[in-house]
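Please read the structure below before turning to the comments.
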Amino acid sequence: MNYWLVKFAPFRYSWQEVLRTGRFEIYSVRNPQSRNNLKNMSLDDLVLFYHSQEGNQVMGVMKVIQTAHQDPTTLDPKWVSVTFESVRTFDNPVSLQTIKETASLQQIGLIRQPRLAVMPLTKEEFDGIVELTDVEVIVEKK
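Basically my numbering = 1-based index in the sequence shown + 962.
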């Protein structure tokens, strides 16, 4: 099994829409490295869904239910889409700031290549982000 992180702007398709429909198909990915990452996904791979541009946080986990196929937004055969199904919603989404402050996550693509929309994660990186969702949010009282 492989592990991934997919970034998508919530004003285009949000985690709430993934939950409502039960699925998400990533489309319009035009970066060759991200495209190659989509092509490397296998059925049942686990994927973190990240709200980019607004919110900047990991919202939940999906799994691959349809591997690379023609991107419906173009006729150019070199661009692909992948379809996912929601698996778990995080009660406490993991912010980019929290990821940046976590020593064991300093080498992930989200920090090293912030413009990349689809990136691989190691199992340790994936598990490390998931573990951060279980950290109780502490609110200071004034």
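Every residue, glycine too, gets a C-beta built ideally from N, C-alpha and C.
- Counting of Cβ neighbours within 10 angstroms places H1031 among the exposed residues, the total staying below 16.
- In the three-state scheme derived from DSSP, where H, G and I count as helix and E and B as strand, F973 is classed as coil.
- For R992, no beta strand (DSSP E) run applies, since DSSP gives it neither H nor E.
- Assignment of beta-bridge partners to V1049 by DSSP yields no partner.
- Under the DSSP assignment, I1073 falls in the alpha helix (DSSP H) whose first and last residues are 1071-1074.
- Shortest Cα-Cα distance from P1034 to any of L1067, E1086, S990 involves S990.
- Between the alpha carbons of V1020 and N998 lies a gap of roughly 22 Å.
- In this structure, the beta-carbon distance from L1058 to E1087 does not fall below 8 Å.
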